[in-house]
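Chemist: Please read through the structure below; I'll follow up with questions.
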Amino acid sequence: MQFMVKYSLNPENRDAVQGQFKETGGLPPAGIEMLGRWHNGPSLCGYILCETDDAVALGKWFQEWTHIMTFEAEMVLGDEQIAEVIG
310 MQFMVKYSLN
320 PENRDAVQGQ
330 FKETGGLPPA
340 GIEMLGRWHN
350 GPSLCGYILC
360 ETDDAVALGK
370 WFQEWTHIMT
380 FEAEMVLGDE
390 QIAEVIG
C-alpha cells in the first residue's frame with residue numbers, strides 16, 4: 310500500500326529536527342520504500358510518499374520523530390488502482 314504522509318513541526322523544534330535529519334537522513338526502516346519526499350522549509354512541513362504492507366514498520370519510523378514532529382498518514386491509490394475501484 311502507498312501512503313502520503315504530511316509532517317509538521319513547530320518553530321521551537323526546528324533545530325532539533327534539522328539535527329536529527331542531518332544525523333540520520335530521515336531514512337525509513339527495512340520494509341518501507343520511500344518513493345519521494347518534499348520539504349516546505351518556510352512552512353515547517355513536508356510530504357513523504359512511501360510504500361509498505363507493514364503498518365508496524367511505519368509506526369516505528371514515525372515513533373523515531375514524534376517527540377519533535379507530528380504526522381498525518383493517508384493511504385492513497387494511483388490512477389490504475391482507482392480505475393479498478395470505480396470500475
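Residue numbers (the working numbering): 310 to 396. Each residue gets a CB set at the ideal place from its N, CA and C atoms; glycine is no exception.
So is Met378 buried or exposed if we call it buried at 16+ other beta carbons inside 10 Å?
Modeler: buried
Chemist: According to DSSP, His348 sits in a beta bridge with which residue or residues?
Modeler: Gly355
Chemist: DSSP three-state label for Ala382, please.
Modeler: strand
Chemist: So, are the CB atoms of Pro338 and Trp370 less than 7 Å apart?
Modeler: A contact, by the Cβ cut-off of 7 Å.
Chemist: Please list, in chain order, all residues of the same chain as Ile357 whose beta carbon is under 6 Å from its beta carbon, the five residues on each side excluded.
Modeler: Val314, Arg346
Chemist: Rounded to a whole number of angstroms, what is the C-alpha to C-alpha distance between Gln311 and Leu367?
Modeler: Annotation: Gln311 to Leu367 spans about 11 Å, alpha carbon to alpha carbon.
Chemist: Look at Ser317 and Cys359 and say whether their C-beta atoms are less than 7 Å apart.
Modeler: no
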